[in-house]
Amino acid sequence: AAEFYKIFQFEIGEVYKNPDVPKEERKRWQSMLDKHLRKKMNLKPVTRMNGNFARRLMSKETVEAVCELIKSEDRHEPLRELMDLYLKMKPVWRSTCPSKECPELLCQYSFNSQRFAELLSTKFKYRYEGKITNYFHKTLAHVPEIIERDGSIGAWA
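Residue numbers for the sequence shown follow this note's numbering, so the first one is 2 and each next one is one higher.
Here it is in structure tokens:
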């Protein structure tokens with residue numbers, strides 16, 4: 002959720018156009034995002050992101066609210082698609098037995114994770130060019146093999 006929160010801020014500030022932005026400007030985007038999420042989603046900003054905040058942040062409704070703050074229409078669709086893919090992949094790694102509980106999502110997982118990685122490296126390359134967070138890497142690269150080996154991915158997700 003923290004990664005999406007950062008992406009939301011960067012999209013509001015159009016970092017894809019100008020990556021070298023002063024810290025004060027970035028704080029302004031955060032403030033704008035927090036105010037908007039409080040107004041639209043009744044999400045109160047927290048210093049340290051807790052589970053309830055994260056769960057509410059990671060939704061299609063939040064993306065729609067954030068899109069209202071993003072000037073460029075061209076940036077809305079990649080953001081929506083990124084969240085949609087995330088929401089399709091999440092049940093697989095949160096499930097105790099994905100092959101029984103969500104077999105259709107498990108079948109789509111590899112395709113979805115490849116598309117997710119492709120979006121990060123193309124549309125959001127200002128943040129992920131040449132590097133990807135450890136959590137995203139585990140989520141994208143290792144989930145199918147861990148599930149095949151152990152039946153579920155256990156506690157790390």
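We put the beta carbon where it would ideally sit given N, CA and C, even for glycine. Fair warning: this is a prediction, and the values are worked out from it, not measured in the lab.
With 16 other Cβ atoms within 10 Å as the buried cut-off, status of residue i
{"i": "G52", "result": "exposed"}
{"i": "E62", "result": "exposed"}
{"i": "E119", "result": "exposed"}
{"i": "E78", "result": "exposed"}
{"i": "V16", "result": "buried"}
{"i": "W157", "result": "For W157, the pLDDT reaches just 44, beneath the cut-off of 50, and the residue's location in the model is therefore unreliable, although a value from the coordinates is still provided. So W157 ends up on the exposed side."}
{"i": "Q10", "result": "buried"}
{"i": "E12", "result": "buried"}
{"i": "S182", "result": "No answer is possible for residue 182: the residues shown for the chain start at 2 and end at 158."}
{"i": "M50", "result": "exposed"}
Residue i - DSSP class collapsed to helix/strand/coil
{"i": "G14", "result": "coil"}
{"i": "S100", "result": "helix"}
{"i": "I8", "result": "helix"}
{"i": "K41", "result": "helix"}
{"i": "K91", "result": "helix"}
{"i": "E82", "result": "helix"}
{"i": "F125", "result": "coil"}
{"i": "A2", "result": "coil"}
Inter-residue CB distance, residue i and residue j (contact presumed, cutoff 8 Å)
{"i": "L58", "j": "A2", "result": "5 Å"}
{"i": "L38", "j": "A66", "result": "6 Å"}
{"i": "V64", "j": "L80", "result": "6 Å"}
Length at least 3, wholly inside the stretch 18-77: the beta strand (DSSP E) runs in chain order: Within the stretch 18-77, no run of beta strand (DSSP E) at least 3 residues long lies entirely inside it.
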